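First comes the structure, then the notes that go with it.
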Amino acid sequence: MNGEFVAWDDAKVHVLSHGLHYGTGVFEGIRCYETERGPAIFRHQDHLRRLASSAELYYLPLEYGADELREATHELIRRNGLASCYIRPIAFRGYGEMGLYAHSAPVDVTIAVWPWGSYLGEEAKREGIRAKVSSWRRISAAGLIPHAKASGQYLNSILAKTETAKAGYDEAILLDEGGNVCEGSGENLFVVREGEIATPGHTASILDGISRKSVIQIASDLGYEVVERDIARSELYLADEAFLCGTAAELVPVREVDDHEIGPPGEVTKVIQAKFEDALHGRAQEYLEWLDVVEVASKVSS
Ligand SMILES: Cc1ncc(COP(=O)(O)O)c(C=O)c1O
Numbered sequence: 008m009n010g011e012f013v014a015w016d017d018a019k020v021h022v023l024s025h026g027l028h029y030g031t032g033v034f035e036g037i038r039c040y041e042t043e044r045g046p047a048i049f050r051h052q053d054h055l056r057r058l059a060s061s062a063e064l065y066y067l068p069l070e071y072g073a074d075e076l077r078e079a080t081h082e083l084i085r086r087n088g089l090a091s092c093y094i095r096p097i098a099f100r101g102y103g104e105m106g107l108y109a110h111s112a113p114v115d116v117t118i119a120v121w122p123w124g125s126y127l128g129e130e131a132k133r134e135g136i137r138a139k140v141s142s143w144r145r146i147s148a149a150g151l152i153p154h155a156k157a158s159g160q161y162l163n164s165i166l167a168k169t170e171t172a173k174a175g176y177d178e179a180i181l182l183d184e185g186g187n188v189c190e191g192s193g194e195n196l197f198v199v200r201e202g203e204i205a206t207p208g209h210t211a212s213i214l215d216g217i218s219r220k221s222v223i224q225i226a227s228d229l230g231y232e233v234v235e236r237d238i239a240r241s242e243l244y245l246a247d248e249a250f251l252c253g254t255a256a257e258l259v260p261v262r263e264v265d266d267h268e269i270g271p272p273g274e275v276t277k278v279i280q281a282k283f284e285d286a287l288h289g290r291a292q293e294y295l296e297w298l299d300v301v302e303v304a305s306k307v308s309s
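Here's what the structure looks like:
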């Protein structure tokens with residue numbers, strides 16, 4: 008927290024922290040995987056770059072550069088002795104001034120790590136999930152900044168997630184303001200139709216997902232045709248295959264949308280998922296550069 012290592016139970020903030028009241032925070036969700044070379048953080052630099060971009064977009068000056076945050080994260084993982092974990096850096100307006108233009112409130116920066124399994128569960132990754140299109144539209148670029156990973160923006164995802172969970176579905180899919188398919192409540196979305204893999208582009212109010220970028224690269228390298236384009240809601244129902252991807256959920260097949268059967272995980276999804284998993288766990292030689300290995304002291308045998 009702000010440059011200090013603080014015990015879990017002591018990691019507290021003031022109730023008048025600005026971010027708590029107005030959502031003025033930006034954060035990242037990052038994963039560190041156990042690999043042959045030690046704990047390795049997937050696309051760490053890309054996540055830290057997005058954190059800096061989100062902070063810039065919301066006028067939050069960060070006191071720490073990417074190198075400092077990277078080093079602190081490595082040390083945090085070492086001190087906790089974790090082989091794999093979820094990593095949550097957050098920068099938020101802290102305690103000091105209330106009101107909307109609170110430029111004298113400090114921008115506090117904290118990083119937390121803890122063991123956290125796949126967000127939608129291992130079975131979801133294997134068997135696929137039942138998704139529902141939410142009645143809530145994804146925040147539009149006319150009112151907020153879909154490209155930023157900002158705390159307050161997640162009220163939108165939470166409304167969609169809550170609505171669909173209460174209706175008995177595993178995950179929400181949000182449409183954009185124009186009624187086209189956008190993304191899951193915490194994942195980007197891909198559909199496979201007639202040999203083409205499609206995913207909404209940046210003007211569709213998506214978060215610029217790092218898993219999405221990785222999947223596009225992997226699918227292209229495997230020889231698939233990947234296009235970024237508008238996707239109609241009906242295309243979801245008619246898809247040969249569909250899947251979601253995000254850091255927390257990893258790659259999850261969608262087997263049903265709005266009670267339209269897509270089917271069990273298909274061939275394209277399974278091939279891409281397997282390569283993606285290999286990349287995450289350091290088993291894919293060609294994507295080793297995506298891993299930021301945490302140096303841990305090797306055990307001295309007695
Ligand atoms: C709304 C939203 N879309 C997409 C994603 C996927 O992004 P990434 O792959 O960078 O985790 C996330 C997760 O961070 C998210 O919260």
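Under the working numbering, think of the first position of the sequence shown as 8, with each following residue one higher.
Note that CB positions come from ideal geometry on N, CA and C, so glycine has one too.
Since this is a predicted model, take the numbers as computed values, not measurements.
Taking a cut-off of 8 Å on C-beta distances, the region 38-55 touches the region 291-305, as three or more cross pairs fall below it.
In the three-state scheme derived from DSSP, where H, G and I count as helix and E and B as strand, His110 is classed as coil. Judged by DSSP secondary structure, Leu287 falls within the alpha helix (DSSP H) whose first and last residues are Glu274 to Leu287. Lys139 is the residue among Thr117, Glu75, Lys139 and Ala255 whose C-alpha sits nearest the C-alpha of Leu243. For Ile165, the enclosing alpha helix (DSSP H) covers residues Tyr161 to Lys173. Under the three-state reduction of DSSP, Ile84 is assigned to helix. In chain order, Glu41 and Pro46 place their CB closer than 7 Å to the CB of Ala90, counting only its own chain and leaving out the 5 sequence neighbours on each side. Assigned with DSSP and collapsed to three states, Arg200 falls in strand.
Pairing Arg137 with Ser227, the inter-Cα distance amounts to about 27 Å. Relative to ligand 1, even the nearest heavy atom lies 7 Å or more away from the CB of Ser61. Only residues of its own chain outside the window of five on either side were considered, and among them Val199 and Glu248 have a CB closer than 6 Å to the CB of Val275, listed in chain order. The Cβ neighbour count for Gln280, taken over all protein chains shown within 10 Å, is at least 16; the residue is labelled buried. Distances from the CA of His110 to each of Ile118, Arg100, Val116 and Ala255 were compared; the closest alpha carbon is that of Arg100. In this structure, ligand 1 has no non-hydrogen atom nearer than 7 Å to the beta-carbon of Asn9. As far as DSSP is concerned, His154 takes part in no beta bridge. Two segments are said to touch when three or more pairs of C-beta atoms, one from each, lie closer than 8 Å; by this definition the region 289-296 does not touch the region 75-84.
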